[in-house]
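Novice:
Protein chains: 2
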Amino acid sequence: MQHGDVWRALDEIATRKGLTPSGLAKLAGLDATAFNKSKRVSKGGRPRWPSTESIARALEAANVDYTEFASLVAGPSCPTIPFLELPDATRSGLFNDLGLPDAPAWDAIEFPGPNRIEGCFALEVTDRDLEPIYRAGDRLISSCQADIRSGDRVVLKTTKGQICIGVVARQTAKRLDLNSIADGRALPAINVEEIDWMARIIWVSQ
Amino acid sequence: MQHGDVWRALDEIATRKGLTPSGLAKLAGLDATAFNKSKRVSKGGRPRWPSTESIARALEAANVDYTEFASLVAGPSCPTIPFLELPDATRSGLFNDLGLPDAPAWDAIEFPGPNRIEGCFALEVTDRDLEPIYRAGDRLISSCQADIRSGDRVVLKTTKGQICIGVVARQTAKRLDLNSIADGRALPAINVEEIDWMARIIWVSQ
DNA sequence: CCTATGATAGGAAAATAGTCTTTTAAGCCA
DNA sequence: TGGCTTAAAAGACTATTTTCCTATCATAGG
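Sequence order for the protein chains is A and B.
Heads up: the first sequence begins at 2 in the working numbering, then just goes up one per residue.
Heads up: the second sequence begins at 2 in the working numbering, then just goes up one per residue.
(1) How far does the alpha helix (DSSP H) with A/Glu69 in it reach, from first residue to last?
(2) In angstroms with no decimal places, state the Cα-to-Cα distance between A/Asn192 and A/Gln172.
(3) Starting from A/Arg92, find everything on chain B with Cβ-Cβ shorter than 7 Å and list it in chain order.
(4) Let me see if you follow: with CB-CB separation under 8 Å, is A/Asn116 close to chain B or not?
(5) Please decide whether B/Ala15 counts as near chain A, where near means a Cβ-Cβ distance under 8 Å.
(6) Taking the alpha carbon of A/Val169 as the reference point, which residue from A/Thr159, A/Gly185, A/Lys161 has its own alpha carbon closest?
(7) Can you find a heavy atom of the ligand PLP that lies under 7 Å from the Cβ of A/Gln163?
(8) Could you give the C-beta distance for B/Cys89 and B/Asn97, rounded to a whole number, given that I count them as a contact under 8 Å?
(9) Pick helix, strand or coil for B/Gly167, following the three-state DSSP scheme.
(10) Name, please, each residue of chain A whose Cβ falls closer than 7 Å to the Cβ of B/Phe82.
(11) Would you call the stretch 130 to 146 of chain B and the stretch 173 to 184 of chain B touching, i.e. three or more CB-CB distances under 8 Å?
(12) Less than 8 Å between CB atoms is the rule here; does A/Phe70 satisfy it with respect to chain B?
(13) Restricting to Cα atoms, I'd like to know which of B/Leu28, B/Lys38, B/Ala33 is closest to B/Arg9.
(14) Using only CA atoms, which one of A/Ser52, A/Lys158, A/Met2 lies nearest to A/Ser93?
(15) Could you pull the start and end residues of the beta strand (DSSP E) that B/Ser43 belongs to?
(16) Output, in sequence order along the chain, the residues in the stretch 41 to 57 of chain A whose CB is closer than 7 Å to any CB in chain B.
(17) Return yes when the Cβ of B/Leu177 is within less than 8 Å of the Cβ of B/Trp203, no when it is not.
(18) Rounding to the nearest angstrom, what Cα-Cα distance links A/Lys27 and A/Ser52 in this structure?
(19) Counting only beta-carbon atoms, is A/Ala200 nearer than 8 Å to chain B?
(20) Quick one: Cα of A/Pro22 to Cα of A/Phe70, how far?
(21) Indicate the three-state DSSP secondary structure (helix, strand or coil) for A/Leu131 in the structure shown.
(22) Between which two residues does the alpha helix (DSSP H) carrying A/Val7 extend?
(23) Express the C-alpha separation of B/Asp148 and B/Gly167 in angstroms, rounding to a whole number.
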């Protein structure tokens, strides 16, 4: 969040309403010169920021949400989450000590996005093994922080480097039973000690 | 966006980092008293706002995104989108003249949030007709503004009051061919004139 | 061409936020 | 208990922002 971003966002708000910066200031009950371009740097070159109160009044007048203003300030980009194609998820070093995705190891994609995406990552299906449930190109938004209960769909990697996707049938301290997503048949039981990481599939693109 | 909300959000940022308001101020390179509770109203009862620059420095120091700060200011609530259980989608009057969901007719659920959710709505599956693709309780986030191409999964309502969910097989000016989501078999062709509304299914909760 | 209106630059005054300092209270530790 | 550190309130002072005022420029209408 930088000085120029804030002013750009205010200009954008004004433009959206078909106003000039001074028009927006007047509409907000402020002095017409409050948002003047000539006042965005004070003499001496020091950047001048609009006060929080002025921003609040301008947003109120323009009927714009503060979160929307913030996303204008942040720029055109969506929030991004870590992303890999499913076969690449067999790599090691994807997660840090806290069990969260370790950014350098991942690509990033824009996800029309949760505010609390910590611990979320996306895996793209590349083959047809999971049809008709998941098709090639579908993106599985998964969370390694979500609680996992029976019936949930999960993706996990074993210490042997195998990726498993299934529906949780039974979960005990030592063993995890998964059913196939496609036909519901039981998959080979997995020893909990052999699970490198496991995440619940929360959303799937269609 | 109100005075108290801004200060509450700053307090929340501090708490998340295990800091007090004064600790956060110091970390941001500001005077330790900058965020004092005693400085939140000036004598005379006039509310006192933190400056935009101070907020920027605090967020920088705490490594918090401005959009996240804004959502804290906006309150604990996620953005919501219109929501109905699938059988209720047969009702009329769900969409306004622009083809967007008409809020009063819908419930609302929190959706971990897109910024651009205009035209999106959620439908909850209540029966097992669509298993194993969609299970009871799954929520279909759909958009009536998204472009629709072959292979996309769509939900539509006919003028006869019937809800159809399927995969677009072929789309012409007069006719829409859908395949069953479950087994891919062709469904009866739909006359385009009989389509009341149609939306592409974008995301599905799992 | 002239006039009225709105946008904007620039400077000075007024209002508001930040800093500095002192004081009080609470927690921690020997 | 005493000494140390941190948080926080209150007041005076400094820095910055907003307002107020004037002048310039561009544009639309008569």
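Virtual Cβ for every residue (Gly too), placed ideally from N, Cα, C.
Source: prediction; values computed, not measured.
Specialist: A quick look at the data gives this:
(1) Position 68 of the first sequence, counting from 1, holds the residue named residue 69 of chain A. Where A/Glu69 is concerned, the enclosing alpha helix (DSSP H) stretches over 67 to 75.
(2) Stepping through the first sequence from its first residue, residue 192 of chain A is reached at position 191. Stepping through the first sequence from its first residue, residue 172 of chain A is reached at position 171. C-alpha separation (whole angstroms): 10 Å.
(3) The residue you call residue 92 of chain A lines up with position 91 of the first sequence. Neighbours of A/Arg92 on chain B: none; closest Cβ ~24 Å, over 7 Å.
(4) Along the first sequence, read from residue 1 onward, the residue named residue 116 of chain A stands at position 115. Residue placement at A/Asn116 cannot be trusted, given a pLDDT of 49 that sits under 50; the coordinates are not used to answer.
(5) Taking the second sequence and counting its residues from 1, the one referred to as residue 15 of chain B is at position 14. B/Ala15 does not count as touching chain A.
(6) Position 168 of the first sequence, counted from the first residue, corresponds to residue 169 of chain A. For A/Val169, the closest of A/Thr159, A/Gly185, A/Lys161 by C-alpha to C-alpha distance is A/Gly185.
(7) Among the ligands in the structure shown, none appear at all, so the ligand PLP cannot be discussed.
(8) Looking up residue 89 of chain B in the second sequence gives position 88. Looking up residue 97 of chain B in the second sequence gives position 96. First, the amino acid is wrong: residue 89 of chain B is Asp here, not Cys. Contact flag wrong, Cβ pair sits at about 17 Å.
(9) For the purposes of this step, residue 167 of chain B is taken as the residue at position 166 of the second sequence. Correct three-state label for B/Gly167: strand.
(10) For the purposes of this step, residue 82 of chain B is identified with residue 81 of the second sequence, where counting begins at 1. Note that residue 82 of chain B is Ile in the sequence shown here, rather than Phe. When 7 Å is used as the limit between beta carbons, B/Ile82 is near no residue of chain A, the shortest such separation being about 11 Å.
(11) Under the 8 Å Cβ criterion, the stretch 130 to 146 of chain B counts as touching the stretch 173 to 184 of chain B, having at least three qualifying pairs.
(12) In the first sequence, counting from the first residue as 1, residue 70 of chain A sits at position 69. Answer yes: the Cβ-Cβ gap between A/Phe70 and chain B drops below 8 Å somewhere.
(13) Working through the second sequence from its first residue, we reach residue 9 of chain B at position 8. That would be B/Lys38, whose Cα lies nearest to the Cα of B/Arg9.
(14) In the first sequence, residue 93 of chain A corresponds to position 92, counting from 1. Minimum Cα distance to A/Ser93 is reached at A/Lys158.
(15) By 1-based counting over the second sequence, the position of residue 43 of chain B is 42. That residue, B/Ser43, is in no beta strand (DSSP E); it is neither H nor E in DSSP.
(16) Within the stretch 41 to 57 of chain A, contact with chain B at the beta-carbon level (separation under 7 Å) is assigned to Trp50, Pro51, Ser52, Thr53, Glu54, Ile56, Ala57.
(17) Locating residue 203 of chain B in the second sequence gives position 202, counting from the first residue. Locating residue 177 of chain B in the second sequence gives position 176, counting from the first residue. Note on residue identity: the sequence assigns Ile, not Trp, to residue 203 of chain B. The answer is no: Cβ separation not under 8 Å.
(18) In the first sequence, counting from the first residue as 1, residue 27 of chain A sits at position 26. In the first sequence, counting from the first residue as 1, residue 52 of chain A sits at position 51. Rounded to the nearest angstrom, the two C-alpha atoms are 16 Å apart.
(19) Walking along the first sequence from the start, residue 200 of chain A turns up at place 199. Under the Cβ distance rule, A/Ala200 does not count among the residues neighbouring chain B, no pair being separated by less than 8 Å.
(20) Here residue 22 of chain A refers to the residue found at position 21 of the first sequence. Here residue 70 of chain A refers to the residue found at position 69 of the first sequence. Per the coordinates, the alpha-carbon of A/Pro22 lies some 15 Å from the alpha-carbon of A/Phe70.
(21) Sequence index remark: in the first sequence, residue 131 of chain A carries index 130 (1-based). Coil, per DSSP.
(22) In the first sequence, residue 7 of chain A corresponds to position 6, counting from 1. Segment 4 to 17, the alpha helix (DSSP H) holding A/Val7.
(23) Within the second sequence, numbered from 1, the residue matching residue 167 of chain B stands at position 166. Within the second sequence, numbered from 1, the residue matching residue 148 of chain B stands at position 147. Going by the C-alpha atoms only, they are around 15 Å apart.
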